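Notes for the one structure printed next.
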Amino acid sequence: MGGIAFEQMRQGHWLMAACCALYLLWWAIFFWPKVCGGSAHGALRVVGVAAILGAVVCGLLGASRVCGGAARLAAAWVCYVNSS
Numbered sequence: 004m005g006g007i008a009f010e011q012m013r014q015g016h017w018l019m020a021a022c023c024a025l026y027l028l029w030w031a032i033f034f035w036p037k038v039c040g041g042s043a044h045g046a047l048r049v050v051g052v053a054a055i056l057g058a059v060v061c062g063l064l065g066a067s068r069v070c071g072g073a074a075r076l077a078a079a080w081v082c083y084v085n086s087s
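Encoded structure:
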């Protein structure tokens, strides 16, 4: 059971890293150009919107995977301690 829990946590951490990367991409598209007085238009704007939506999905899935793995690991630990 510990192997499954660690794999869930590992997947969750990768999803959270993807969430961070997508968030930074969104930030760079929508806020960095404003330093020069411009704004995102056309395809760049679509990429920015897709990036923030992807960040939301990755963040939610990542958090649930990390929490699910931690819950399984805690349950396995309790079972181990009680059997000792």
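Just so you know, we're using my numbering here: the sequence shown kicks off at 4 and counts up by one.
All C-beta atoms, glycine included, are put in the ideal place defined by N, C-alpha and C.
Note that the coordinates shown come from a computational prediction; the quantities given were computed from them, not determined experimentally.
- Its chain contains R68 as the residues whose beta carbon lies nearer than 6 Å to that of Q14, once the 5 sequence neighbours on both sides are disregarded; these appear in chain order.
- For H44, the three-state secondary structure derived from DSSP is coil.
- In this structure, DSSP gives F34 a state outside helix and strand, which the three-state scheme calls coil.
- In this structure, G72 keeps its C-beta atom at 9 Å or more from the C-beta atom of C22.
- By the CB criterion at 9 Å, M12 and G62 fall outside the cutoff.
- By the beta-carbon neighbour count (other beta carbons within 10 angstroms, threshold 16), I32 is buried.
- A58 and C70 have their C-alpha atoms spaced approximately 18 Å apart.
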